[in-house]
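Quick note: the sequence shown uses the numbering used here, first residue 220, plus one each step.
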Amino acid sequence: MSVPHARTPPELSDPRIRDGWGPRRDDFVGDEDRPRALLRAHTVGCAHARGSGRPTGRVRTHDCRREGWRSRPRPHPDVVERDAHTRCRETRGGADVTLGDLVTVIVVSYNHEDYISQCLESIESQTVRPHRVIVLDDRSSDSSVRMAEQFAESSDLSVTVVPHRFNVGLCRTLNEALDMVETKYYAYLSADDYMMPTRLERQLELFESLPDDHAVVYCDAWREDGNGERLPERFSESYGWPPRADRVGDVFLTVLESPWIPAPSAMVRTDYVKRIGGYDPQIFFEDLDMWARLGARWKFESIDEPLVVFRELESSLGHQEFESGNPRFLDALTRVLLNAEGLRPEHDARIRARLWELLMRSWKAGMPMRGRAAVAKRLAPHTGYRTSPLYAAMMGVGLPHPSRVTSRPRKPRG
Numbered sequence: 220m221s222v223p224h225a226r227t228p229p230e231l232s233d234p235r236i237r238d239g240w241g242p243r244r245d246d247f248v249g250d251e252d253r254p255r256a257l258l259r260a261h262t263v264g265c266a267h268a269r270g271s272g273r274p275t276g277r278v279r280t281h282d283c284r285r286e287g288w289r290s291r292p293r294p295h296p297d298v299v300e301r302d303a304h305t306r307c308r309e310t311r312g313g314a315d316v317t318l319g320d321l322v323t324v325i326v327v328s329y330n331h332e333d334y335i336s337q338c339l340e341s342i343e344s345q346t347v348r349p350h351r352v353i354v355l356d357d358r359s360s361d362s363s364v365r366m367a368e369q370f371a372e373s374s375d376l377s378v379t380v381v382p383h384r385f386n387v388g389l390c391r392t393l394n395e396a397l398d399m400v401e402t403k404y405y406a407y408l409s410a411d412d413y414m415m416p417t418r419l420e421r422q423l424e425l426f427e428s429l430p431d432d433h434a435v436v437y438c439d440a441w442r443e444d445g446n447g448e449r450l451p452e453r454f455s456e457s458y459g460w461p462p463r464a465d466r467v468g469d470v471f472l473t474v475l476e477s478p479w480i481p482a483p484s485a486m487v488r489t490d491y492v493k494r495i496g497g498y499d500p501q502i503f504f505e506d507l508d509m510w511a512r513l514g515a516r517w518k519f520e521s522i523d524e525p526l527v528v529f530r531e532l533e534s535s536l537g538h539q540e541f542e543s544g545n546p547r548f549l550d551a552l553t554r555v556l557l558n559a560e561g562l563r564p565e566h567d568a569r570i571r572a573r574l575w576e577l578l579m580r581s582w583k584a585g586m587p588m589r590g591r592a593a594v595a596k597r598l599a600p601h602t603g604y605r606t607s608p609l610y611a612a613m614m615g616v617g618l619p620h621p622s623r624v625t626s627r628p629r630k631p632r633g
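Here it is in structure tokens:
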């Protein structure tokens, strides 16, 4: 799964815009007050409303000219939408609510022209069809946007396409999508992944049977390479799923160990994600931090069958960034653990021990310590090692780890 590297352009130097605090579409009174260069939206008429008898739903394209301008599309009062079981319901005042009305599917694309059609068609082929599909493209240089817009025009699903003018990164993109979600649940997947036909139906039925203390329902995943060849091991086998007792219910500590939940397999309760503040834009991958913060307060449940297909591309940035010695990965994992510290005080000792281990790995590798030194000094008294305060002080002044210091032979005198 591709994870684009975010490059913040000069136009986004204002933190209110860069961090998504800019004005929203709802702040404007009428069309004449909207900056047309920044936002465009259109609604395609419904064939059912015109008397053809075939419900087509609404299609919108939102051009995100600045990150931070978020769209909250409002349905036209006369639009009739197609629901999960091909019956029509009115968008206002309708009492006929189906499983499909409960979920929005978010698709994030970045140079996925070879795969996005299969992804979108798998959503259209669901036995329970979603209330809405939101496609966000993070400044692809290929034809991904054009292909998404063509799908939106031809599909009878309600599809919103959001092309970015700048690459803003995965977590900021997901926060933008989250602000547009109005359903009880949402499912997110990258445009190079796709779903099996019963995925939404199976997860929605399970979610609706669970008490409200559950935040996530996930499943296993098939794995495919870039050529569409099925890889021999399922995700659970390749990434080593823990015993079931450790990965359902309270999973807080388990999710901090490794990324064993397939990101495209998760269906999440929307309100709970919004309560914890959405995705952390300072982290280049989305799932581990989100699972930890959700797992600190709510439970997880699993369907131990592969209902999605996870694409593993060797050339993708995400595949390269998750190397254990990659400085960017170590920085991000450190932030994940710092975010988790204090959420469940009874587990802070284990989290601090893991943080100290990460800091030592970074220091031994000769990485610039930057902000790590302050964290090391704070953690040193809690590690239980007598040498910890000394090591923390050495990190603070930039001294190399003793294992990296080699003795040089002295030059002979005279």
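Note that the Cβ used here is the ideal one computed from N, Cα and C, for glycine as well.
Which of helix, strand or coil DSSP assigns to residue i
i    : result
R449 : strand
V352 : strand
P296 : Because P296 sits at a pLDDT of 34, beneath the cut-off of 50, its placement in the model cannot be relied upon, and the point is left open.
F426 : helix
R597 : helix
D523 : strand
R213 : In the structure as shown, the chain starts at 220 and stops at 633, and residue 213 therefore has no counterpart that could be examined.
R530 : strand
A592 : helix
R291 : Note that R291 scores 34 on pLDDT, short of 50, meaning its location in the model is unreliable and no value can be drawn from it.
Bounding residues of the alpha helix (DSSP H) (the contiguous stretch that carries residue i)
i    : result
W582 : D567 to K583
A434 : Counting along the chain, A434 falls outside any alpha helix (DSSP H), though it belongs to the beta strand (DSSP E) covering H433 to E443.
P546 : P546 to A559
G514 : D506 to G514
F454 : F454 to S457
Cβ pair residue i, residue j closer than 7 angstroms
i    : j    : result
S359 : N330 : yes
C438 : I522 : yes
D508 : N545 : no
F454 : A515 : no
P564 : F529 : no
W479 : Y458 : yes
V380 : V352 : no
T323 : V400 : yes
R571 : L598 : yes
W517 : D465 : no
L339 : A396 : no
S336 : Y413 : no
L393 : Y498 : yes
Cutoff 8 angstroms; reference residue i; Cβ partners in own chain excluding five residues on either side
i    : result
L577 : L549, L552, T553 and L556
E424 : L318
L475 : L507, A511, V555, L556, A559, I570 and R573
E332 : S359, D361, S362, S363 and M366
Close-in-space but distant-in-sequence residues of the same chain around residue i (CB under 7 angstroms, 5 per side omitted)
i    : result
V487 : Y404, Y405, A434 and V435
D506 : P478, I480 and A482
T489 : V400, T402, K403, Y404 and Y405
T473 : P461, D465 and R466
D567 : E560 and G561
Cβ neighbours of residue i in the same chain (closer than 6 angstroms, five flanking residues each side left out)
i    : result
H417 : For the sequence presented, residue 417 should be read as Thr rather than His. For T417, where only same-chain residues beyond five positions count, the Cβ hits under 6 angstroms are T346.
P525 : D439, A440, W441 and R453
P500 : C390 and R391
G468 : K518
H185 : Residue 185 lies beyond the range of the chain shown here (220 to 633); nothing can be said about it.
A485 : V435 and Y437
Along the chain, which unbroken stretches of the alpha helix (DSSP H) at least 4 residues long are found entirely within the stretch 464 to 497? Entirely contained in the stretch 464 to 497, the alpha helix (DSSP H) runs reaching 4 residues are, in chain order, 471 to 476 and 489 to 494.
Contiguous beta strand (DSSP E) assignments of at least 3 residues, all confined to the stretch 368 to 415: You should have 378 to 382 and 404 to 409.
If we require 3 or more residues per run, which beta strand (DSSP E) segments fall completely within the stretch 317 to 367? Runs found: 322 to 328 and 351 to 356.
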